[in-house]
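A.B. asks: Next up is a structure, given as structure tokens.
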Amino acid sequence: GQNIDQPTEMTATEGAIVQINCTYQTSGFNGLFWYQQHAGEAPTFLSYNVLDGLEEKGRFSSFLSRSKGYSYLLLKELQMKDSASYLCAVILYSTLTFGKGTMLLVSP
Amino acid sequence: GAGVSQTPSNKVTEKGKYVELRCDPISGHTALYWYRQSLGQGPEFLIYFQGTGAADDSGLPNDRFFAVRPEGSVSTLKIQRTERGDSAVYLCASSPTRLAGGSDTQYFGPGTRLTVL
């Protein structure tokens, strides 16, 4: 079976740094994606990790440890527009298995 | 360039009716995926097309659900005898090629919100 866990909600302040964790137990693994989804909109791609380590892309970074079944998304210099749901997804063969998403609320 | 488009954006129907949901993938993308997302949940895989053929339909919940992609571009998700439990946002995504072993990203459309009364 597939199990992907992430916190339901997080809150943070504008300008701060926040880390969203994701743990997974899946029958296979070909990589891990992070998507951002604003309410009523499509998920948009943020990052992809297939090897262990940190991938940095502007204000967003993503980390993967395959031996621990663990990833995190790091958001720096938070802005109000970063308030959204953040979805962790594991790719196996050709399909994505998503977690339930972490709703991030950024306050002034 | 144009992204993935889906029509209609909203669909309200009555229990027992038949509905069709359409997806136009990004031009040139050979892989197309359908997902279903309920409130407060992540997207749930339904079916994956590589070209015209359904390469994996293991996520379709039952035989009321069917999807086609006759020319390898536009896809239609068909739901027969709709039930209230079918109410959800149906998302379509496309990628340049199959993802297994590679890093092709899936690009999502805005979804169709289906409400079954």
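So the protein sequences, as listed, match chains A and B. To convert, count from 1 in the first sequence and add 130; that's this note's numbering. To convert, count from 1 in the second sequence and add 937; that's this note's numbering. Glycine residues also receive a C-beta, built at the ideal position from the N, C-alpha and C atoms.
Does G990 of chain B come out as helix, strand or coil in the three-state DSSP assignment?
C.D. replies: Here G990 of chain B sits in strand by DSSP.
A.B. asks: Looking only at its own chain, which residues have a Cβ that is under 8 Å from the Cβ of E1008 of chain B, when we skip the five neighbours before and after it?
C.D. replies: Closer than 8 Å at Cβ, skipping near neighbours: T989.
A.B. asks: Hey, how far is the Cα of T156 of chain A from the Cα of P962 of chain B?
C.D. replies: Roughly 28 Å separates the two Cα atoms.
A.B. asks: Could you list which residues in chain A have their beta carbon closer than 8 Å to that of F1003 of chain B, in chain order?
C.D. replies: Result: empty, since nearest Cβ-Cβ is about 18 Å, beyond 8 Å.
A.B. asks: Check the Cβ-Cβ distances between P980 of chain B and every residue of chain A, and say whether any is below 8 Å.
C.D. replies: P980 of chain B counts as touching chain A.
A.B. asks: Of all the CB atoms in chain A, is at least one closer than 8 Å to the CB of Y1027 of chain B?
C.D. replies: For Y1027 of chain B, the answer is no, since every Cβ of chain A falls outside 8 Å of its Cβ.
A.B. asks: Decide yes or no for the touch test of the segment 1021 to 1035 of chain B against the segment 949 to 967 of chain B: beta carbon pairs closer than 8 Å, at least 3 of them.
C.D. replies: Segments in contact, yes.
A.B. asks: Which of helix, strand or coil does DSSP assign to R196 of chain A?
C.D. replies: If DSSP states are grouped into helix, strand and coil, R196 of chain A belongs with coil.
A.B. asks: How big is the Cα-Cα spacing for Y955 of chain B and D1023 of chain B?
C.D. replies: Near 12 Å, if we compare the C-alpha coordinates of D1023 of chain B and Y955 of chain B.
A.B. asks: Which runs of the beta strand (DSSP E) at least 3 residues long sit entirely within the segment 1004 to 1039 of chain B? Give them in chain order.
C.D. replies: Listed in chain order, the complete beta strand (DSSP E) runs (minimum 3 residues) inside the segment 1004 to 1039 of chain B are 1012 to 1016 and 1025 to 1032.
A.B. asks: Tell me the rounded alpha-carbon separation between E979 of chain B and F175 of chain A.
C.D. replies: Just to set this straight, residue 979 of chain B is Gly in the shown sequence, not Glu. Cα to Cα, the separation comes out at about 14 Å.
A.B. asks: Quick check on the burial criterion: 16 or more other C-beta atoms within 10 angstroms. Buried or exposed for A146 of chain A?
C.D. replies: So A146 of chain A counts as exposed.
A.B. asks: In chain order, what residues of the same chain have a beta carbon less than 8 Å from the beta carbon of K187 of chain A, not counting five sequence neighbours either side?
C.D. replies: L176 and S177.
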